[in-house]
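Asks:
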Amino acid sequence: IRFPESEISVVGRIAMGVKGIGLKPDDFVVSMLVVRREGMLLCVAHDGSGKKLGTGEIPVRKRGGLGTLVMPFVKGNSVVSAIEVIGGDKVKFITGEGHFHRINMDDIPHQKRGKGAHRLVNVLGGSEVVEVIREHIGGQQVEEEDIGGQQVEEEQINFLD
1090 IRFPESEISV
1100 VGRIAMGVKG
1110 IGLKPDDFVV
1120 SMLVVRREGM
1130 LLCVAHDGSG
1140 KKLGTGEIPV
1150 RKRGGLGTLV
1160 MPFVKGNSVV
1170 SAIEVIGGDK
1180 VKFITGEGHF
1190 HRINMDDIPH
1200 QKRGKGAHRL
1210 VNVLGGSEVV
1220 EVIREHIGGQ
1230 QVEEEDIGGQ
1240 QVEEEQINFL
1250 D
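Numbered per this note's numbering, the sequence shown finishes at 1250, counting up by one with no gaps.
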């Protein structure tokens, strides 16, 4: 769902807050991001499929609604990540076994909201994508990644342990 930030009222620490999105019984929230510019959104599923679409293609609604379908639903294959990307970015797809794949965002075709997903990475056997990390921002190397609430230099990350 996409709604104006102004619809969220400022509340104190002990307040419950306001409802951002309505969920059906089996639904869950995968990701949230604040769109500060008209950029691109990359949505990725566990099987390595995904799509890149413009943030402007998601209509602005009132908060509390059910949202907008951006990828076709396939039973047993849920969306694992939704991140904002720009041209020149490189993205790492990390599998449950610790393998990772790098993809340049310029190599992923832009797709409309109603269209099917595109195979981004091939995952083998029972493997699945568990995390998607934006590695380069506009062609510049990111020095640190926020993993598990801790700032860690990329060289210290061992994906095979």
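Here a beta-carbon is modelled for each residue, glycine too, at the ideal position from N, C-alpha and C. All values derive from a computational prediction rather than experimental measurement.
As a quick exercise: from GLY1106, ASP1136 and LYS1108, pick the residue whose alpha carbon is nearest that of PHE1183.
Replies: Before going further, note that residue 1183 is Ile rather than Phe in the sequence given. It is ASP1136 whose Cα lies nearest to the Cα of ILE1183.
Asks: Smallest Cα separation from HIS1199: which of GLY1156, PRO1114, THR1144 and ARG1223?
Replies: Of GLY1156, PRO1114, THR1144 and ARG1223, the residue nearest in Cα terms is THR1144.
Asks: Just to confirm, is the Cβ distance from ILE1175 to ARG1091 under 8 angstroms?
Replies: Result no, Cβ atoms of ILE1175 and ARG1091 do not sit closer than 8 angstroms.
Asks: Residues in the same chain with beta-carbon distance under 6 angstroms from ARG1152, minus the five sequence neighbours each way, listed in chain order, please.
Replies: Within the same chain, ARG1152 has close Cβ partners PHE1092, GLU1096 and GLY1109.
Asks: My guess is that GLU1186 and SER1216 are in contact by the Cβ rule of under 8 angstroms, so how many angstroms apart are they, rounded?
Replies: Confirmed, about 5 angstroms.
Asks: Should ALA1134 go down as buried or exposed, given a rule of 16 or more other Cβ atoms within 10 Å for buried?
Replies: Its Cβ being crowded by 16 or more others within 10 Å, ALA1134 is buried.
Asks: Have a look at the DSSP bridge pairing and note the partners of MET1129.
Replies: Partner(s): GLY1143 and VAL1174.
Asks: In chain order, what residues of the same chain lie with their CB nearer than 8 angstroms to the CB of VAL1119, ignoring the 5 residues before and after it?
Replies: Once the five neighbours on either side are set aside, the close Cβ partners of VAL1119 are SER1167, VAL1168, VAL1169, SER1170 and ALA1171.
Asks: In three-state terms, what does DSSP make of GLU1217?
Replies: GLU1217 falls in the coil class under three-state DSSP.
Asks: Going by CA-CA distance only, name the one from GLY1214, MET1194, GLY1156 and GLY1165 that's closest to LYS1113.
Replies: Ranking the options by Cα distance to LYS1113, first place goes to GLY1156.
Asks: Excluding five sequence neighbours on each side, which residues of the same chain lie with their C-beta closer than 6 angstroms to the C-beta of ALA1104?
Replies: Closer than 6 angstroms at the Cβ level, and outside the excluded window around ALA1104, lies no residue.
Asks: By a C-beta neighbour count over all protein chains shown, 10 Å radius and 16 as the cutoff for buried, is LYS1204 buried or exposed?
Replies: Exposed.
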